[in-house]
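Colleague: Residue numbers (the numbering used here): 23 to 226.
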Amino acid sequence: MGVLVSLTTKGRQSVSKKHHDLLPQLANDVRARLSNWLFAEGRDQMEEVVGRELVRQGLMVAIAESCTGGLIGHRLTQVAGSSAYLDRGAVCYSNRAKTEMLGVPADLIVKHGAVSQEVAASMAKGIRERAKVSVGLSVTGIAGPGGGTESKPVGLVFIGLDGGDGQPIAQEFRFHGDRTVIKQRSSQAALNLLRRWLLDRATR
23 MGVLVSLTTK GRQSVSKKHH DLLPQLANDV RARLSNWLFA EGRDQMEEVV GRELVRQGLM
83 VAIAESCTGG LIGHRLTQVA GSSAYLDRGA VCYSNRAKTE MLGVPADLIV KHGAVSQEVA
143 ASMAKGIRER AKVSVGLSVT GIAGPGGGTE SKPVGLVFIG LDGGDGQPIA QEFRFHGDRT
203 VIKQRSSQAA LNLLRRWLLD RATR
């Protein structure tokens, strides 16, 4: 998922030629305005872009998924050669699984809830440490149609990332749509968070 921007020219041949000559500058303007939000040109998917950057930096990722149910891992493994950068993925759907498989403290879940920044960060750290890899990625949320509350509605998602270089980070997202759409958007946001972290890491 993403926004596809297509630059085309229409009109008489003489006019179209003039406009066509402006396309490179227009494309440069689009790149400058979108900056790091632009993840690909052509038909590359997010998982392909992320995979190439992981390979370029020589990193391995492990994923802990709750509400996405393995969708992030599925998308990454759709790309041939993904074993070069994907170590493992764990679907930790229940609170017990988050504690037993990832080491998320039970009292942290009781205090903040399974769908929270704190738990997302702990999940990312837990999967990274257990897999002994460079980066851990996690997602926890409410995909619906039930399970939402006034304070934590359907579509609330937290995505965590731990690169082992400080405190894990976790970002909040609010998505709209049915269960399938929310899962897809969550997986896209998680891969994009990883992509932006990789770009930032490359400039340090």
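Beta carbons: idealized from backbone N, C-alpha and C, even for Gly.
(1) Would a C-beta distance cut-off of 8 Å place valine 137 and glycine 163 closer than the cut-off?
(2) How is the beta strand (DSSP E) around threonine 217 delimited, first residue to last?
(3) Which residues bound the alpha helix (DSSP H) around threonine 99?
(4) Determine the burial state of valine 132: buried for a count of at least 16 other Cβ atoms within 10 Å of its Cβ, exposed for fewer.
(5) Of the choices Leu183, Arg65, Arg207, Val155, whose alpha-carbon is the least far from that of glycine 80?
(6) Measure the C-alpha to C-alpha separation of glutamate 194 and aspartate 43 and round it to an integer number of angstroms.
(7) On the CB-based measure, 16 or more other CB atoms within 10 Å of its CB, does leucine 45 come out buried or exposed?
(8) My parser needs the alpha helix (DSSP H) runs of 4 or more residues fully inside the stretch 117 to 148; what are they?
(9) Let's test the definition: count the other Cβ atoms within 10 Å of the Cβ of leucine 48 and tell me whether it reaches 16, buried, or not, exposed.
(10) What are the partner residues of aspartate 184, as DSSP defines its beta bridges?
(11) Could you give the C-beta distance for valine 203 and valine 179, rounded to a whole number, given that I count them as a contact under 8 Å?
(12) Does arginine 217 pass the burial test, meaning 16 or more other C-beta atoms within 10 Å, or should it be called exposed?
(13) Which class does glutamate 151 belong to by DSSP, given the choice of helix, strand or coil?
(14) Does DSSP classify glutamate 63 as helix, strand or coil?
(15) Glutamate 172 by DSSP, collapsed to three states: which one?
(16) Reducing DSSP to helix, strand and coil, say where glutamine 193 ends up.
(17) So, under 8 Å CB-CB, threonine 99 and lysine 205 are touching, yes? Tell me the CB distance rounded to an integer number of Å.
(18) Quick one: what's got a C-beta closer than 7 Å to tyrosine 107's C-beta in the same chain, skipping five residues either side?
(19) Mapping the DSSP letters down to three states, classify alanine 165 as helix, strand or coil.
Modeller: By the coordinates alone:
(1) Reading the sequence shown from its first residue, position 115 is the one you call residue 137. Reading the sequence shown from its first residue, position 141 is the one you call residue 163. Yes, they are a contact pair.
(2) To locate residue 217, count along the sequence shown from 1; it is residue 195. Note on identity: in this sequence residue 217 is arginine, with threonine being the wrong assignment. Residue range 201 to 224 is occupied by the alpha helix (DSSP H) that includes arginine 217, with no beta strand (DSSP E) assigned at that position.
(3) Locating residue 99 in the sequence shown gives position 77, where the first residue counts as 1. From DSSP, the alpha helix (DSSP H) with threonine 99 extends over 93 to 99.
(4) Residue numbering aside, residue 132 sits at position 110 when the sequence shown is read from its first letter. Under this definition valine 132 is an exposed residue.
(5) Translated into the one-based positions of the sequence shown, residue 80 becomes position 58. The shortest Cα separation from glycine 80 among Leu183, Arg65, Arg207, Val155 belongs to Val155.
(6) Mapped onto the sequence shown, residue 194 falls at position 172. Mapped onto the sequence shown, residue 43 falls at position 21. So the two alpha carbons sit approximately 42 Å from each other.
(7) Reading the sequence shown from its first residue, position 23 is the one you call residue 45. By the neighbour-count rule (16 or more Cβ atoms within 10 Å), leucine 45 is not buried but exposed.
(8) The qualifying runs are 117 to 124, 128 to 134.
(9) Here residue 48 refers to the residue found at position 26 when the sequence shown is read from its first residue. Looking at its Cβ environment, which holds fewer than 16 other Cβ atoms inside 10 Å, leucine 48 is exposed.
(10) Position 162 of the sequence shown, counted from the first residue, corresponds to residue 184. In the DSSP output, where bridge partners are listed per residue, aspartate 184 has Gly158.
(11) For this step, residue 203 is matched to residue 181 along the sequence shown. For this step, residue 179 is matched to residue 157 along the sequence shown. Not quite, the Cβ-Cβ distance comes to about 12 Å (not below 8 Å), so this is no contact.
(12) What you label residue 217 is simply residue 195 of the sequence shown in a count that begins at 1. Looking at its Cβ environment, which holds 16 or more other Cβ atoms inside 10 Å, arginine 217 is buried.
(13) By 1-based counting over the sequence shown, the position of residue 151 is 129. Under the three-state reduction of DSSP output, glutamate 151 falls in the helix class.
(14) Stepping through the sequence shown from its first residue, residue 63 is reached at position 41. Three-state result, glutamate 63: coil.
(15) Counting from 1 along the sequence shown, the entry for residue 172 is found at position 150. In the structure shown, the three-state DSSP call for glutamate 172 is coil.
(16) Against the sequence shown, residue 193 aligns to sequence position 171. Of the three classes helix, strand and coil, the one that applies to glutamine 193 here is strand, per DSSP.
(17) Here residue 99 refers to the residue found at position 77 of the sequence shown. Here residue 205 refers to the residue found at position 183 of the sequence shown. Between lysine 205 and threonine 99 the Cβ distance is about 16 Å, and since that is not below 8 Å, they are no contact.
(18) Residue 107 sits at position 85 when you count from the first residue of the sequence shown. Within the same chain, tyrosine 107 has close Cβ partners Gly73, Leu76, Val77, Leu81, Met82, Val83.
(19) Locating residue 165 in the sequence shown gives position 143, counting from the first residue. In the three-state reduction of the DSSP assignment, alanine 165 falls in the coil class, being assigned neither a helical nor a strand state.
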